[in-house]
Structure formats: structure tokens, C-alpha cells
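Worksheet: one structure, shown below.
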Ligand code: FAD
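In the working numbering, the protein residues as written are 87 to 406.
Right, dumping it as C-alpha cells:
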């Protein structure tokens, strides 16, 4: 079913996990084992990323199908549309449709490595809005469509001072509203570490008439270098207290991870206290921090849960 259905239950707090396609076969096997353990905790959905320009297309499609039909969790596939021929996009959509997936995260994508700007391929799409329109035109209401939202505005318009101008921020919001009006049902946000920025973003969206659920994307800090790389790439604001807490422990991986769990827990507590009923965890394919945060929030049990058998469906459900 569409993932927004699982988010709609009155009063219930739900969570979800994002994964990315590993580079090796062993990595894929490990991911499925981990996913299996994580799904036992009953996430509302799980999603799998799409390499820019279709670089992981076959693997992403395969993982998405196995998530839905073997791991048996409501699954969403990311799909980027730039540097992607339309027939490749349609192949991806029709493949997941025939495998029973009903959820797509419709994205523009970033330019390929080594390029600053993406080049629109002939007959191809220029932005996520084009993809949302295409999916609605071709597939009607079959898919639940999610789009990306940027609490600090998209990095393209964040200046050297680390913030977007007020005008750029409001243009970004207006564009987000167009994606929703074109058919998106749900917004998942880019990662952030300043919870007030996220809460203001939600308020600002509501003020301009965006009414769909807005799901906060939470990336637990797992290691210092990765955190600096990711926040640099996304131009994410690092609050002063986070820098101050990390600076003295940055070479101690264990301490950084423990702080990441603490910070993630506090961020989620504050978000949930403001009436938001969902948390989306960017797991980076790791389970410990994500599960520790959910445990701290009382959303999952500490004891190992085993799912009632039989829950595995036969492997021959695929139609590619
Ligand atoms: P768009 O929504 O098309 O636009 C990005 C920004 O450009 C807008 O916010 C707006 O400011 C401006 N803009 C674009 N078109 C217009 C227009 N017509 N008019 C006015 N303004 C416009 N990347 C991957 O490669 N694979 C993934 O799986 C992936 N998953 C992601 C998941 C989430 C939740 C998020 C937040 C990002 C993800 N990304 C992924 C990164 C994403 O592809 C990049 O951030 C990309 O630069 C923008 O994608 P978008 O869909 O937000 O773009």
C-alpha cells in the first residue's frame, strides 16, 4: 500500500529507515541480514536510494523488489530523473509496479561526479517537478509519491555565509508547493541538526498551504569525518553546541557514536513534542545508532524480536 496510509493512524508515532545499495555482493547480503533484523521492529516503511544518473539502477530495483516481497516491509524506491533517459525511468517505474511496490521518492538528482551542473538530456526531465508530473500522467494514482524538502533551502541557493537569502528560501518553499500540487503526497526532509530550523520550515510550509505530512530526515552521527563530509556537501548548519561537543571527542569513534545517539534522541524528542508523528532515519546501512535512538524514545523494545513465521514469501514472486 501507499506509505502515507501507515502514517495516518491517529496519535501513533511511526518511524522508517533509509538504506543505500552496497558496492559488493557481500555488502548486499549483509544489508539484507541487517534489514531483516531492523524490520522486525516494525517500521512504517523502508526506502532504498538511487545512484545519480541511474548508476545503481539494476541493483536499486532488485533491492527494492526484495525489500517489498521477501523482507516484507512496505518499500519505497528513490528515483532521480536528470541524466536519465525517459525510457529508463519508465522501465524502473513499470518494474516496481509489476512487483507490487507502490511508493516512489521522486528526485532531480545531483550532477554526475566531476560536473558542477547537470545537463538536461534531450527529451529528459529538468527537475523533480517534471518527474512528479510524469508519474501522475503515466500511472494515475497508482503510486504514492514522496518528494524532498529542504529546511535550510536547497544547497544550490545557500550562500558562502552558510545561509540562503530570505527570497531564495521562500522561492524554494513555493517550488516545493508546486511539487505537492503536481501530485506529491509526502515530503521527507534533507538532514539537519538544528531542530528549530526544521520546526520553522514545517510552520512555513503550513503557512503557504502545504498540508501533506512532512517527515523529518534524521541522520545519526556515526563518525566525525563522515559527519563533516555530509554536512559540508549538504551545506547543513552545525549548531555551536554540536561543534563544541564533538571537538574534544572527534578522534574517539565510540564517543562520537554515543554522542550521535544522544543528539539524535534529543532532536527526535523535541520534534515529537511539537506534534510531529514520524521520524525517518538515514541509517547509512548501519543499525546500532538508529535502533538505539528508537529505543531511547520508547518506540521499540530492547529485546530481540522475532517475527512470527511464516513471513517470508516465495522467491518466485518477481516479474522483471
Ligand atoms: P528539485 O526538487 O527538482 O529541485 C531542487 C531545488 O532546485 C529546489 O528546491 C528549487 O530551489 C530549485 N528548482 C528546481 N527546479 C525549479 C523550478 N522549476 N523552479 C524553481 N526552482 C526550481 N540523490 C540521489 O542521487 N539519489 C537519491 O536516492 C537521493 N535521495 C534523496 C533523498 C532525500 C530525502 C533528499 C532530501 C535528497 C536526496 N537526494 C538523492 C539528493 C537530491 O537528488 C539532490 O538534493 C538534488 O540536488 C535535488 O533533488 P530534488 O529532487 O530536491 O530537486
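Here a beta-carbon is modelled for each residue, glycine too, at the ideal position from N, C-alpha and C. Because the structure is a prediction, the values reported are computed rather than measured.
Classification of residue i by the beta-carbon crowding that lies within 10 angstroms, buried from 16 upward
i: residue 180; result: exposed
i: residue 93; result: buried
i: residue 185; result: buried
i: residue 110; result: exposed
i: residue 253; result: exposed
i: residue 297; result: exposed
i: residue 268; result: buried
i: residue 236; result: buried
i: residue 131; result: buried
i: residue 311; result: exposed
i: residue 293; result: exposed
i: residue 481; result: Here the chain has residues from 87 to 406 only, and residue 481 is not among them.
i: residue 150; result: buried
i: residue 106; result: buried
i: residue 161; result: buried
i: residue 284; result: buried
Proximity test, residue i beta-carbon vs the ligand FAD heavy atom, cut-off 7 Å
i: residue 200; result: no
i: residue 265; result: yes
i: residue 138; result: yes
i: residue 360; result: no
i: residue 31; result: An answer regarding residue 31 cannot be provided, because it is not within the stretch 87 to 406 covered by the chain.
i: residue 276; result: yes
i: residue 377; result: no
i: residue 298; result: no
i: residue 215; result: yes
i: residue 210; result: no
i: residue 191; result: yes
i: residue 236; result: yes
Continuous beta strand (DSSP E) stretch holding residue i: start and end
i: residue 191; result: 189–193
Beta-carbon proximity check, residue i vs residue j, cutoff 8 Å
i: residue 173; j: residue 232; result: no
i: residue 306; j: residue 361; result: no
i: residue 275; j: residue 302; result: yes
i: residue 175; j: residue 165; result: yes
i: residue 357; j: residue 281; result: yes
i: residue 196; j: residue 234; result: no
i: residue 273; j: residue 262; result: yes
i: residue 328; j: residue 265; result: no
Distance, residue j Cα to residue i Cα
i: residue 89; j: residue 191; result: 11 Å
i: residue 287; j: residue 333; result: 28 Å
i: residue 406; j: residue 377; result: Annotation note: pLDDT 43 at residue 406 (below 50); position unreliable, no value reported.
i: residue 206; j: residue 200; result: 16 Å
i: residue 375; j: residue 340; result: 11 Å
i: residue 372; j: residue 342; result: 15 Å
i: residue 278; j: residue 115; result: 30 Å
i: residue 364; j: residue 213; result: 27 Å
i: residue 216; j: residue 102; result: 26 Å
i: residue 239; j: residue 304; result: 16 Å
i: residue 366; j: residue 104; result: 7 Å
i: residue 226; j: residue 348; result: 43 Å
i: residue 223; j: residue 194; result: 18 Å
i: residue 354; j: residue 320; result: 20 Å
i: residue 125; j: residue 230; result: 21 Å
i: residue 325; j: residue 169; result: 35 Å
i: residue 133; j: residue 337; result: 31 Å
The alpha helix (DSSP H) enclosing residue i, as first and last residue numbers
i: residue 287; result: 281–293
i: residue 330; result: 326–332
i: residue 352; result: 339–359
i: residue 253; result: 252–267
i: residue 162; result: Careful: residue 162 lies outside any alpha helix (DSSP H), inside the beta strand (DSSP E) at 161–166.
i: residue 216; result: 214–225
Residue i Cβ short of 7 Å to the ligand FMN heavy atom set
i: residue 255; result: This structure simply doesn't include the ligand FMN; it includes the ligand FAD instead.
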